[in-house]
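All letters in the sequence shown, in the order written, are residues 0 to 199 by numbering that gives the first Met the number 0. Just below is one structure, and these are the notes that go with it.
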Amino acid sequence: MTAFAGDRLSISVSGRESGLEPRVSLLNGAGSTLAQDRDAGPGQDSLITTFSIESSGTYYVEVSGDQSGTAGAYQLDAIIARGLGFESDAHQRNNSLNNAEPVSLSISGNSLTGKVAGTISATDGTNPDVDFFRIGTLTAGVNIFVELKLPEWSGLNAIVDVVADDGTPVADVEESLEIFDATLQADGTYFVRVSGLDGD
């Protein structure tokens, strides 16, 4: 794959349908290993998350069985985020408010705007993947608008909402599950929550 300096890369490999316990490695154009993983994804899946590309060029992904010598078919997904933040989700790290990913906001007219990319991975045991992103401390009367945009190839049925720092959902005026729109009624710290419908 071709990537450019400043890009952020996430690579996941799942072999759960075949019994494969995969190991994934990211290599540069010279064949040197830059990153590798064997179990940071759900179950025994492998995941390289939020790898920052330092120099533009061609990169390669290598997939193998782990030390137990398992074999089988697998699914590989690679996502490049360019010009926006990217969650760090090894072992479903941002599944709680305490580990929420901060969203970098910039001034645009009279608004603060931010963009971040993420993935909802398969359920790990009985724990579905839920992504939390920290918006920040806001005052009553501020309007929050969040729109979830899915790639054309995504089969995810997703829900986006906003919660306070005690986990209480903020009332939403939008009927769409992929759009949140509300005016805050109280000062506090707020978080965006993204999840799959029915644990997808």
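Using N, Cα and C, we set each Cβ at its ideal position, and we do this for glycine too. Model, not experiment: these values are computed from the prediction.
**Request:** Below 8 Å CB to CB, which residues in the same chain sit around Leu137 once its five sequence neighbours on both sides are set aside?
**Result:** Ile143, Leu183, Asp186, Gly187, Thr188, Tyr189
**Message:** In this structure, how does DSSP classify Asn97 when only helix, strand and coil are distinguished?
**Reply:** helix
**Request:** Note down, one range per segment and in chain order, each beta strand (DSSP E) of at least 3 residues found wholly within the region 20-49.
**Result:** 21-26, 32-36
**Request:** In angstroms with no decimal places, state the Cα-to-Cα distance between Asp128 and Leu176.
**Result:** 17 Å
**Item:** Coil, strand or helix - Leu196 by DSSP
**Value:** helix
**Item:** Contact the region 94-111 vs the region 61-77: 3+ CB pairs below 8 Å
**Value:** no
**Message:** Using only the alpha-carbon positions, how far apart do Phe85 and Thr48 sit?
**Reply:** Those two C-alpha atoms are separated by around 9 Å.
**Request:** Apply the 10 Å Cβ neighbour rule to Asn93 and answer buried if 16 or more other Cβ atoms are within range, or exposed otherwise.
**Result:** buried
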